[in-house]
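Undergrad: Below is the structure I would like to discuss, written out as structure tokens.
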Amino acid sequence: MAFPVVDTEYLKEIDKARRDLRAFIALKNCAPIMLRLAWHDAGTYDVSTKTGGPNGSIRNEEEFTHGANSGLKIAIDFCGHILILMLIIVIIVFLL
């Protein structure tokens, strides 16, 4: 499978998003909970069905209210703030 072709402007936006994300995490001092969110989302992978995994499903109430995911709503809300900051990239991705 070939890698998708992206233009220079898109790559600049990705680099900017990466810098903004790092700055946001540093400002909010939320690296541990963001890592925990990623870990728990990835932990939904089921080897037998080859489903789940790091797909963002943890943002659904049924997932984040599960006892093992207690407290992760904070990180999910942080992701919402980041999403707003990265709106341009989201629009570009959906248009491709």
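Residue numbering for the sequence shown follows UniProt numbering, starting at 1 and increasing by one per position. Ideal Cβ positions, reconstructed from N, Cα and C, are used throughout, including at glycine.
Find the nearest neighbour of Ala42 within the set Asn69, Thr65 and Leu21, judged by alpha-carbon distance.
TA: It is Asn69 whose Cα lies nearest to the Cα of Ala42.
Undergrad: Measuring from the CB of Glu13, is there a heavy atom of the ligand HEM at a distance below 7 Å?
TA: Within the structure as shown, the ligand HEM is missing, as the structure has no ligands at all.
Undergrad: The alpha helix (DSSP H) with Ala31 in it runs from where to where?
TA: Its alpha helix (DSSP H) spans residues Ala31 to Ala42.
Undergrad: Starting from Asp46, trace the alpha helix (DSSP H) both ways and give me its first and last residue.
TA: Unbroken run through Asp46: none, as it is neither H nor E.
Undergrad: Could you check whether Leu72 and Phe64 sit closer than 8 Å to each other, using their CB atoms as the reference points?
TA: Taking 8 Å as the Cβ cut-off, Phe64 and Leu72 qualify as a contacting pair.
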